Amino acid sequence: MSPETPGSSRDESETDRLRYIERSRLRALVDADIETARHLHAPDFQLITPIGRPLSKDEYLGAIAAGHINYLQWEPEAIAVRLQGECAVIRYRAQLEVIFGGHKVPLSSYWHTDTYECRDGQWMVVWSQATAVQ
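Just so we're aligned, residue 0 is where the sequence shown starts under numbering that gives the first Met the number 0, counting upward by one.
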(Lines of atoms letter the chains of each structure in order from A and count residues from 1; the text may use other names and numbers.)
(Lines give C-alpha, C1' and ligand atoms only; values in the text may rest on other atoms or scores of the structure.)
Protein backbone atom coordinates (compact mmCIF):
# COMPACT_ATOMS: atom_id res chain seq x y z
CA MET A 1 0.00 0.00 0.00
CA SER A 2 1.41 3.38 -1.05
CA PRO A 3 1.34 6.31 1.43
CA GLU A 4 -0.86 8.26 -0.99
CA THR A 5 -3.32 5.41 -1.62
CA PRO A 6 -5.01 4.36 1.60
CA GLY A 7 -6.69 0.98 1.80
CA SER A 8 -10.17 1.87 3.05
CA SER A 9 -12.62 4.75 3.02
CA ARG A 10 -11.96 5.27 6.75
CA ASP A 11 -8.22 5.47 6.03
CA GLU A 12 -8.84 7.86 3.14
CA SER A 13 -10.99 10.08 5.33
CA GLU A 14 -8.39 10.08 8.11
CA THR A 15 -5.46 10.78 5.76
CA ASP A 16 -7.37 13.73 4.29
CA ARG A 17 -8.15 14.90 7.83
CA LEU A 18 -4.45 14.68 8.78
CA ARG A 19 -3.43 16.70 5.73
CA TYR A 20 -6.01 19.33 6.66
CA ILE A 21 -4.79 19.42 10.29
CA GLU A 22 -1.16 19.78 9.20
CA ARG A 23 -2.00 22.65 6.86
CA SER A 24 -4.02 24.26 9.67
CA ARG A 25 -1.07 23.84 12.02
CA LEU A 26 1.27 25.51 9.52
CA ARG A 27 -1.17 28.43 9.08
CA ALA A 28 -1.34 28.85 12.86
CA LEU A 29 2.47 28.89 13.12
CA VAL A 30 2.86 31.44 10.28
CA ASP A 31 0.10 33.59 11.81
CA ALA A 32 1.59 33.17 15.33
CA ASP A 33 -1.86 31.94 16.39
CA ILE A 34 -0.57 30.32 19.57
CA GLU A 35 -4.02 29.35 20.87
CA THR A 36 -4.78 27.27 17.76
CA ALA A 37 -1.24 25.88 17.66
CA ARG A 38 -1.45 24.83 21.32
CA HIS A 39 -4.45 22.59 20.53
CA LEU A 40 -2.69 20.94 17.60
CA HIS A 41 0.54 20.10 19.47
CA ALA A 42 0.58 17.31 22.06
CA PRO A 43 1.72 18.22 25.59
CA ASP A 44 4.85 16.09 25.04
CA PHE A 45 5.57 17.56 21.58
CA GLN A 46 9.19 17.91 20.54
CA LEU A 47 10.69 19.57 17.47
CA ILE A 48 14.16 18.79 16.18
CA THR A 49 15.19 21.90 14.25
CA PRO A 50 17.26 21.83 11.04
CA ILE A 51 20.33 22.67 13.15
CA GLY A 52 19.65 19.70 15.44
CA ARG A 53 18.30 21.56 18.46
CA PRO A 54 15.41 19.90 20.33
CA LEU A 55 12.58 22.19 21.42
CA SER A 56 9.68 21.26 23.69
CA LYS A 57 6.15 22.46 22.97
CA ASP A 58 6.50 25.33 25.46
CA GLU A 59 9.93 26.33 24.12
CA TYR A 60 8.75 26.22 20.50
CA LEU A 61 5.43 28.00 20.90
CA GLY A 62 6.99 30.43 23.39
CA ALA A 63 9.67 31.36 20.83
CA ILE A 64 6.97 31.99 18.23
CA ALA A 65 4.86 34.04 20.67
CA ALA A 66 7.92 36.13 21.62
CA GLY A 67 8.88 36.69 17.98
CA HIS A 68 12.19 34.78 18.26
CA ILE A 69 10.83 32.49 15.55
CA ASN A 70 8.78 34.37 12.96
CA TYR A 71 7.60 32.28 10.03
CA LEU A 72 7.06 34.51 7.00
CA GLN A 73 6.07 31.71 4.64
CA TRP A 74 5.59 27.94 4.93
CA GLU A 75 4.18 26.30 1.82
CA PRO A 76 3.97 22.49 1.82
CA GLU A 77 3.99 20.39 -1.32
CA ALA A 78 2.00 17.11 -1.41
CA ILE A 79 1.71 15.61 2.07
CA ALA A 80 2.32 11.85 2.21
CA VAL A 81 0.55 10.04 5.07
CA ARG A 82 1.26 6.63 6.59
CA LEU A 83 -1.60 5.70 8.90
CA GLN A 84 -1.55 2.84 11.39
CA GLY A 85 -4.42 2.80 13.87
CA GLU A 86 -4.16 5.77 16.22
CA CYS A 87 -0.70 6.79 14.94
CA ALA A 88 0.34 8.43 11.70
CA VAL A 89 3.52 9.68 10.10
CA ILE A 90 3.42 12.46 7.58
CA ARG A 91 6.20 13.66 5.29
CA TYR A 92 6.42 16.51 2.83
CA ARG A 93 8.77 18.97 1.26
CA ALA A 94 8.07 22.66 1.84
CA GLN A 95 9.34 26.10 0.98
CA LEU A 96 9.94 28.00 4.17
CA GLU A 97 11.07 31.53 4.99
CA VAL A 98 11.67 32.49 8.60
CA ILE A 99 13.28 35.06 10.86
CA PHE A 100 15.09 33.06 13.52
CA GLY A 101 16.70 34.89 16.43
CA GLY A 102 16.65 38.15 14.50
CA HIS A 103 18.32 36.66 11.42
CA LYS A 104 16.33 36.25 8.22
CA VAL A 105 16.67 32.80 6.69
CA PRO A 106 15.76 33.21 3.00
CA LEU A 107 13.15 31.10 1.28
CA SER A 108 14.58 27.57 1.29
CA SER A 109 13.45 24.01 0.82
CA TYR A 110 13.05 21.62 3.76
CA TRP A 111 11.82 18.08 4.31
CA HIS A 112 9.42 17.72 7.23
CA THR A 113 8.58 14.48 8.99
CA ASP A 114 5.93 14.56 11.72
CA THR A 115 4.36 11.89 13.88
CA TYR A 116 0.77 12.30 14.96
CA GLU A 117 -1.26 10.45 17.58
CA CYS A 118 -5.01 10.42 17.97
CA ARG A 119 -5.69 11.19 21.63
CA ASP A 120 -9.27 11.31 22.86
CA GLY A 121 -10.46 11.54 19.25
CA GLN A 122 -8.16 14.46 18.33
CA TRP A 123 -5.06 14.19 16.14
CA MET A 124 -2.04 15.99 17.62
CA VAL A 125 1.51 16.30 16.39
CA VAL A 126 3.92 14.63 18.82
CA TRP A 127 7.32 14.70 17.10
CA SER A 128 8.51 16.92 14.29
CA GLN A 129 11.81 16.99 12.42
CA ALA A 130 12.89 19.44 9.74
CA THR A 131 15.83 18.83 7.41
CA ALA A 132 17.25 21.51 5.13
CA VAL A 133 17.62 20.55 1.47
CA GLN A 134 21.09 21.51 0.29
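Ideal placement from N, C-alpha and C gives every residue a C-beta, glycine not left out.
None of these values were measured; they are calculated from a predicted model.
Residues Leu-46, Ile-47, His-111, Thr-112 and Asp-113 of the same chain have their beta carbon placed closer than 8 angstroms to that of Gln-128, with the five preceding and five following residues left out of the count.
When DSSP states are grouped into helix, strand and coil, Asp-30 belongs to the coil group. Counting C-beta atoms within 10 angstroms of its own C-beta, Val-132 has fewer than 16 neighbours from the protein chains shown and is therefore classed as exposed. According to the DSSP assignment, Asp-43 belongs to the beta strand (DSSP E) that extends over 40-47. Scanning its chain for C-beta atoms nearer than 8 angstroms, with the 5 sequence neighbours on each side dropped, one finds around Glu-74 the residues Ala-93, Gln-94 and Leu-95, in chain order. Beta-carbon to beta-carbon, Ile-68 and Leu-39 are separated by about 16 angstroms, too far to satisfy the 8 angstroms threshold. Secondary structure within the stretch 45-72: the alpha helix (DSSP H) runs of 4 or more consecutive residues, fully enclosed, are 56-64 (chain order). Assigned with DSSP and collapsed to three states, Asp-113 falls in strand. Beta bridge pairing from DSSP links Ile-89 with Val-80 and Asp-113.
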